[in-house]
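So the structure is just underneath, and the comments pick up after that.
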Amino acid sequence: MKIVITGASSGIGRALSENILKYKEKAKVVGVGRNSEALRELKSVYGERFEYVIADLTDMSDVYRVVNSVVDFLGTVDVLVNNAGFGVYKELLNHSDEDIYNLLKVNFIAPIILSRELVKYMNRGSVIVNVLTAGIYVLMRKLPIYGASKFGLHYVTNVMRHELKDKGIKVISVFPGIINTEFHKRAGINYIRGGASADSVAKAIIKAIERGGKEVYVPGYLRILKILGPKLIPFT
Ligand SMILES: NC(=O)c1ccc[n+]([C@@H]2O[C@H](COP(=O)([O-])OP(=O)(O)OC[C@H]3O[C@@H](n4cnc5c(N)ncnc54)[C@H](OP(=O)(O)O)[C@@H]3O)[C@@H](O)[C@H]2O)c1
Numbered sequence: 035m036k037i038v039i040t041g042a043s044s045g046i047g048r049a050l051s052e053n054i055l056k057y058k059e060k061a062k063v064v065g066v067g068r069n070s071e072a073l074r075e076l077k078s079v080y081g082e083r084f085e086y087v088i089a090d091l092t093d094m095s096d097v098y099r100v101v102n103s104v105v106d107f108l109g110t111v112d113v114l115v116n117n118a119g120f121g122v123y124k125e126l127l128n129h130s131d132e133d134i135y136n137l138l139k140v141n142f143i144a145p146i147i148l149s150r151e152l153v154k155y156m157n158r159g160s161v162i163v164n165v166l167t168a169g170i171y172v173l174m175r176k177l178p179i180y181g182a183s184k185f186g187l188h189y190v191t192n193v194m195r196h197e198l199k200d201k202g203i204k205v206i207s208v209f210p211g212i213i214n215t216e217f218h219k220r221a222g223i224n225y226i227r228g229g230a231s232a233d234s235v236a237k238a239i240i241k242a243i244e245r246g247g248k249e250v251y252v253p254g255y256l257r258i259l260k261i262l263g264p265k266l267i268p269f270t
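In terms of our numbering, the sequence shown opens at residue 35 and continues consecutively.
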């Protein structure tokens, strides 16, 4: 399995990279992120089975550089995991221009461009995994642009699934609830305690890739949100 994981340096992306490298002996992973130290550390453990691209996904020239490096390293791609993402914990009208552009670039635009470009190197049976959030089902009043970026990605993920059906490429939507990673501190939230582990999300994603799942909810009981539908009840 040849797999590309954005946001491999931390949290869910790192847990996914490690689970694949530890338990899938023949897998090769290309990890993407800005934190060179974290990515170098993975390389030092997993050697030639792990390559990395230092890239800032707010910079579109970096996004295309990722595509070129991935093709150089892997030739073809079996799985693309669009996982890199971040939040900004602020009321809508307090977001700066930079907040708005960067949230949309990393969480919405980069996954679309990476999918569009890397699909050219995917064969039948390949998979695209988009990490969304269970927060799309509620109204995240203090994460509004983040919520909108993930809602947008949710929409295009569904479109992508239809568009890629004839090519035999599967598309998986991942809806994490509160996960215990750096995400919250980075977003400027300091009251979150507990949450599911990044490892549990990683394992659920691997299971969906292997068994052909379409949607992943972590924790699993959050699937109820789909039945209730996006009522957009105020949450934060
Ligand atoms: N934690 C939660 O409760 C939660 C809930 C729902 C959904 N999610 C989603 O899960 C995904 C992973 O987040 P996480 O919880 O694992 O958080 P995390 O530990 O903060 O990891 C985020 C990853 O995204 C990468 N990233 C962020 N901005 C980037 C940029 N400009 N360029 C390149 N890479 C960038 C980071 O890499 P560098 O630092 O190396 O740049 C890091 O590897 C995100 O899409 C997030 O929205 C998380």
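For glycine and all other residues, C-beta sits at the position ideal for the given N, C-alpha and C.
Give the single residue among the options whose Cα lies nearest to the Cα of residue i.
| i | options | result |
| --- | --- | --- |
| Glu59 | Ile46, Val66 and Glu82 | Glu82 |
| Arg99 | Val87, Lys219, Val205 and Ala118 | Val87 |
| Lys56 | Phe84, Ser43 and Val235 | Phe84 |
| Thr191 | Ile134, Val113, Ile46 and Pro145 | Pro145 |
| Ile239 | Ala89, Val105 and Asn117 | Asn117 |
| Val105 | Ala89, Glu151, Ser78 and Asn128 | Glu151 |
| Ser130 | Pro178, Lys36, Leu173 and Glu244 | Pro178 |
| Gly41 | Leu114, Val79, Ser78 and Tyr80 | Leu114 |
| Ala72 | Ile54, Arg48, Asn53 and Ala89 | Arg48 |
| Leu187 | Ile170, Ser78 and Gly246 | Ile170 |
| Tyr251 | Asn53, Ile46, Ile261 and Val235 | Val235 |
| Val97 | Glu52, Ile147 and Ile134 | Ile147 |
| Gly202 | Ile212, His218 and Val153 | Val153 |
Express the C-alpha separation of residue j and residue i in angstroms, rounding to a whole number.
| i | j | result |
| --- | --- | --- |
| Met194 | Ser160 | 13 Å |
| Met94 | Ser207 | 24 Å |
| Val163 | Tyr155 | 15 Å |
| Leu137 | Glu216 | 16 Å |
| Pro253 | Arg227 | 15 Å |
| Ile223 | Ser44 | 17 Å |
| Arg257 | Leu166 | 14 Å |
| Lys62 | Val122 | 33 Å |
| Thr92 | Val140 | 6 Å |
| Ser128 | Leu173 | Ser is not the amino acid found at residue 128; the sequence shown has Asn there. For Asn128 and Leu173, the distance between alpha carbons rounds to 17 Å. |
| Lys204 | Val111 | 13 Å |
| Asn102 | Ile37 | 15 Å |
| Lys199 | Asn214 | 34 Å |
| Gly263 | Ala168 | 11 Å |
| Lys237 | Asp133 | 31 Å |
| Tyr255 | Ala89 | 35 Å |
| Leu108 | Gly65 | 12 Å |
Any heavy atom of ligand 1 closer than 8 Å to the CB of residue i?
| i | result |
| --- | --- |
| Asn214 | yes |
| His188 | no |
| Phe120 | yes |
| Ala182 | no |
| His196 | no |
| Thr110 | no |
| Gly41 | yes |
| Asp131 | no |
| Arg68 | yes |
| Phe185 | no |
| Phe142 | no |
| Ile206 | no |
| Thr253 | Here residue 253 turns out to be Pro, not Thr, going by the sequence shown. Flag unset: Cβ of Pro253 not near ligand 1. |
Any idea what DSSP makes of residue i, helix, strand or coil?
| i | result |
| --- | --- |
| Thr92 | coil |
| Asn117 | coil |
| Lys60 | coil |
| Ser183 | helix |
| Thr110 | coil |
| Glu249 | strand |
| Gly228 | coil |
| Glu216 | coil |
| Gly222 | coil |
| Tyr80 | helix |
| Thr167 | coil |
| Gly47 | helix |
| Lys36 | strand |
| Lys124 | coil |
Does the beta carbon of residue i come closer than 9 Å to any beta carbon on chain B?
| i | result |
| --- | --- |
| Leu256 | The chain labelled as chain B is not found in the depicted structure, where only one protein chain is given. |
Beta carbon of residue i: closer than 8 Å to some heavy atom of ligand 2?
| i | result |
| --- | --- |
| Ala238 | This structure lacks ligand 2; the ligands present are ligand 1. |
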